[in-house]
Amino acid sequence: MPSTWQPSAWGKALTSSGDWTLVLHGDSVTVTLGGVDIVTAVADVEAVVVTRGLFWSHIRIEVGEWVSRLYGIRSKDAAAFERAFAASLKALKLRQRTAGFDAAAHRATL
């Protein structure tokens, strides 16, 4: 089940963040800005930076030259996204390592 984040109503009004949605589903991240979906693999994300404020935070996602700044998210929701993204990246790396070890073990037994 995908996890979804977006600005709070107050955060949107007070930070002028506009409408955006951030979805983490499996090994991909989707940022929807102005009705346009931008989908990228978790592995291709170069940086996720969460800057926490007293009430609202902002998330910066960097993929190559593309940088998205998402304002107006509640601080606890931004922290939840940061944890979920880190867990997704860790799980992806573990699956990649396991596949590498399985391939090496298979070659060694042949």
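Its first residue numbered 1, the sequence shown is counted upward by one per residue in the UniProt record's numbering.
Cβ coordinates follow ideal geometry from the N, Cα and C atoms, glycine included.
Exercise. Measure from the alpha carbon of residue 93 to the alpha carbon of each residue in 36, 41, 60, 71, then state which is nearest.
Key: 41
Quiz prompt | Run of the alpha helix (DSSP H) containing residue 43, from where it starts to where it stops | solution = Careful: residue 43 lies outside any alpha helix (DSSP H) and carries neither H nor E.
Quiz item: Applying the criterion that 16 or more other CB atoms from any shown protein chain within 10 Å of the CB defines a buried residue, is residue 61 buried or exposed?
Solution: buried
Self-check item: Straight-line gap, residue 48 to residue 101 (C-alpha atoms, nearest Å)
Solution: Spanning the two alpha carbons is a distance of roughly 29 Å.
Exercise. Give me the Cα-Cα distance between residue 43 and residue 13, rounded to the nearest whole angstrom.
Key: 33 Å
Quiz prompt | Residue(s) in a DSSP beta bridge with residue 25 | solution = Residue pairing by DSSP puts residue 25 in a beta bridge opposite 28.
Quiz item: If residue 9 and residue 50 are in contact, beta carbons under 8 Å, what's the gap, nearest whole angstrom?
Solution: Going by Cβ atoms, the distance from residue 9 to residue 50 rounds to 20 Å, so no, they are not a contact pair.
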